[in-house]
Amino acid sequence: MSAVANRRSVMSCFSSPVDPQCHRARIVLAEKDIAVEIHDVNLDEMSEDLLDINPYATVPTIVDRDLVLYDARVLIEYLDERFPHPPLMPVDPVSRAKSRLGLFRIESDWYTLLPDLENGTDKKKAQAQKAMAESLANANEVFAAMPYFLSDDFSLLDCSIAPILWRLDHYGIELPENTKAIKDYMKRVFARSSFQASLSEQERDMEV
Numbered sequence: 119m120s121a122v123a124n125r126r127s128v129m130s131c132f133s134s135p136v137d138p139q140c141h142r143a144r145i146v147l148a149e150k151d152i153a154v155e156i157h158d159v160n161l162d163e164m165s166e167d168l169l170d171i172n173p174y175a176t177v178p179t180i181v182d183r184d185l186v187l188y189d190a191r192v193l194i195e196y197l198d199e200r201f202p203h204p205p206l207m208p209v210d211p212v213s214r215a216k217s218r219l220g221l222f223r224i225e226s227d228w229y230t231l232l233p234d235l236e237n238g239t240d241k242k243k244a245q246a247q248k249a250m251a252e253s254l255a256n257a258n259e260v261f262a263a264m265p266y267f268l269s270d271d272f273s274l275l276d277c278s279i280a281p282i283l284w285r286l287d288h289y290g291i292e293l294p295e296n297t298k299a300i301k302d303y304m305k306r307v308f309a310r311s312s313f314q315a316s317l318s319e320q321e322r323d324m325e326v
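The numbering used here puts the first residue of the sequence shown at 119, with every later residue one more than the last.
Below you can see the structure in the form of structure tokens.
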């Protein structure tokens, strides 16, 4: 274990102030009111401290005593298990498996579009904008079914969806008129104190 990790007695989170994967981790940290030091990382510059503990130099990365985690999904599930209140995943195995499948779908269907939305060619960006708008519109009934995504309670699914919805205007995506349920969902989630606490200054400038 590196000297950098050993120096840290409080949990640390290396995070980009603009990256959606980092944002989902910060929402979980805020929802559970975890004492953490946030270290902002510029994605265009190599952080020696980060490289010292994470050979991939990716964010988000957390250091919890002698443990270093740097995969967003592994990281947020660890935080939910390490700090069980409030719970952000169901307790029973079947519901838990369904939630994990939901996370897989969110990452596969929506997070995979983000690189083209951020840095793609004009053609790739337009294709990603269309795909995201259509995919979200097709999910409107799912958003309408329960107060939160597939659940009566706020969960890791919501922590993962919220950063994308917050950035829709930034990505140049306008939801169709038949997506009232999604827009109502956005208002509920964005009003949560944990979501507001999770926002970086740069993310506040993205407000929809």
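Heads up, the beta-carbon is just placed ideally off N, CA and C, and yes, glycines get one too.
Note that the structure is a prediction, hence the values are computed from the model and not measured.
Every alpha helix (DSSP H) stretch that sits fully inside the region 220 to 270 and reaches 4 residues is listed by chain position as 232 to 237, 240 to 256, 258 to 263. Listed in chain order, the non-local C-beta contacts of Met264 below 7 Å within the same chain comprise Asp270, local neighbours out to five positions each way being set aside. Contact check for Tyr174 against Tyr188 passes: the beta carbons are separated by less than 8 Å. Taking a C-beta distance under 8 Å as the contact criterion, Leu168 and Val154 do not qualify as a contact pair. When rounded, the separation of the alpha-carbon atoms in Ser312 and Asp170 is 30 Å. Checking the DSSP bridge columns, you'll see Thr179 partnered with Phe132. Residue range 319 to 322 is occupied by the alpha helix (DSSP H) that includes Glu319. Burial check for Asn172: the Cβ neighbour count within 10 Å reaches 16 or more, so the residue is buried. Under DSSP, the beta-bridge partners assigned to Leu185 are Asp182.
In the DSSP assignment, Glu155 falls within the beta strand (DSSP E) that extends over 154 to 158. Contact check for Leu235 and Tyr289: beta-carbon distance about 4 Å, within the 8 Å limit, so the pair qualifies.
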